[in-house]
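Let me begin by presenting the structure, written as structure tokens, before commenting on it.
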Ligand code: SF4
Ligand code: SF4
């Protein structure tokens, strides 16, 4: 058990018992796939296809020449029916490719790397980029960029993030259990790219089965497993680095500034698939849970599947849903429609009932300081609603707003139900708008 602890954090009921023992199930082929041209941090891609085109499974259908990008591939074979704006989990609407499956599910030609041990770093990075691999822990940062730090930066540790600290979510846990050997080979590929010896998997102690399986799988690999006491938000990169290595990433800096590259354990499986099989990311394991979901489960869904089909598969009572969330309850996004599609970064779909949501009215701050105590970034959340009320957005910078990881610990703990996370998100949007002017 690791002896280090990051600052702050909270202990929400992890609710993982709903799905932690549910093996991954494949969803039936949807009638239509809605594939947004933005599924990574960065700018939207250009569509490579036109209405009426026939595509094969795995064929590249959207790309861009920009630096911070990751291409998108057809999740099955079929016909392009439309390309137009459609509902999107993150920001209202997004240009979307409508793909009607032809039922044949026929692959295009794939180009795996025959012997990755003999491949160069550049060849491996190119393969990872071509297969559209992004960080699958939710951040969706293009992986080829994260694995290629500047030459003057010395990386000594590869840290695998298996914390999955958000309540309800168990998709990473199932992937670690069911795709263990692929994950370990993916880690070996990462190790070669980064040229590091020190490899750690950080995993929380509420995943007993996965811990036992991984301990067996890493024998004679040199990979170290650090079992961490469950604490939210341990899956944050900076928090995981502190908990496993006792290193502090300074304000405004990235993990590479302390010699670490962090990758999600599910991303390691995607890297294996890209390099060894030449397979791009075309699907995602998603936890479907919450009390309105009568048969909660982990579903392997094609990218572009509307979440309504996942809710159907979970035998969800729509009338009981008070809040529909994509992601986890702490950091996920509330949705107003079930027509939003699964994208590469989708980890959960939650149908929460009234008993699982918080509708208490916001009251005056009582100055208890609990929000400051639990903030893992050492911020002063109490200030943000006050500043937001005055619309003095520049002042938010004085309180290091951009360091906030939007973990929601402050809102979770606040006895007055102050709009802390809301004012933080609003402040960030306003500051970004001001920077773009
Ligand atoms: S949401 Fe931001 S301010 Fe609130 S606890 Fe998390 S890091 Fe701190
Ligand atoms: S936790 Fe809520 S009530 Fe307590 S100081 Fe922070 S904002 Fe005020």
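In this note's numbering, the protein residues as written are 1 to 437. Backbone N, C-alpha and C fix where the C-beta goes; we use that ideal spot for every residue, glycine too. Computed from a prediction, not measured in an experiment: that's the story for all the values here.
| query | result |
| --- | --- |
| Confirm, please, whether the CB-CB distance from residue 405 to residue 376 is below 9 Å. | yes |
| Jot down the residue ranges of each uninterrupted alpha helix (DSSP H) in the region 87 to 163, minimum 4 residues, whole runs only, in chain order. | 121 to 130 and 143 to 146 |
| Quick one: give me the first and last residue of the beta strand (DSSP E) that residue 167 is part of. | Per DSSP, residue 167 belongs to no beta strand (DSSP E) and is neither H nor E. |
| Are residue 136 and residue 333 closer than 9 Å when you measure CB to CB? | no |
| Against chain D, does residue 391 count as a neighbour if the rule is that its beta carbon must be under 9 Å from one of theirs? | Here there is only one protein chain, and chain D is not present. |
| Report buried or exposed for residue 366, applying the criterion of at least 16 other Cβ atoms within 10 angstroms of its Cβ. | exposed |
| Keeping to the same chain, check which residues put their C-beta closer than 6 Å to that of residue 403; ignore five residues upstream and five downstream. | 251 and 377 |
| Just to confirm the assignment: which complete alpha helix (DSSP H) runs, minimum length 4, are found wholly within the region 383 to 432? | 383 to 390, 393 to 398 and 409 to 413 |
| Give the single residue among 47, 34, 338 and 71 whose Cα lies nearest to the Cα of residue 41. | 71 |
| List, from N- to C-terminal side, the beta strand (DSSP E) runs of 3 residues or more that fit wholly inside the region 172 to 226. | 198 to 204 |
| Does DSSP put residue 55 in a helix, in a strand, or in coil? | strand |
| By the 10 Å Cβ neighbour count, where 16 or more other Cβ atoms means buried, how is residue 434 classified, buried or exposed? | exposed |
| With three or more beta-carbon pairs closer than 8 Å as the criterion, would you say the region 208 to 217 touches the region 274 to 290? | no |
| To which residues of the same chain is residue 79 closer than 6 Å at the C-beta, ignoring the five residues directly before and after it? | 54 and 100 |
| Rank 5, 29 and 21 by C-alpha distance to the C-alpha of residue 282 and give the top, closest one. | 29 |
| Let me confirm a value: residue 68 is counted as buried when at least 16 other C-beta atoms fall within 10 Å, else exposed. Which label applies? | exposed |
| For residue 424, which option in 416, 411 and 292 has the closest C-alpha, if you only look at C-alpha atoms? | 411 |
| With respect to the alpha helix (DSSP H) encompassing residue 312, which residues constitute its N-terminal and C-terminal limits? | 307 to 313 |
| Using DSSP with H/G/I as helix, E/B as strand and the rest coil, what is residue 263? | strand |
| Considering only their Cβ atoms, is the gap separating residue 204 from residue 329 smaller than 9 Å? | no |
| On a CA-only basis, which of 294, 422, 371 and 357 is nearest residue 389? Give me that one, please. | 422 |
| List the DSSP bridge partners of residue 283. | 302 |
| Quick one: what does DSSP say residue 22 is sitting in, helix, strand or coil? | coil |
| How close, in whole Å, do the beta carbons of residue 286 and residue 349 come, if the pair is a contact with beta carbons under 8 Å? | 6 Å |
| What do you reckon, is the C-beta of residue 236 under 8 Å from a heavy atom of ligand 2? | no |
| State the start and end residues of the unbroken beta strand (DSSP E) segment that holds residue 63. | 60 to 63 |
| For ligand 2, which residues have a Cβ under 7 Å from at least one heavy atom, in chain order? | 365, 366, 367, 368, 369, 370, 371, 372, 381, 382, 410, 413, 414, 415, 416, 418 and 420 |
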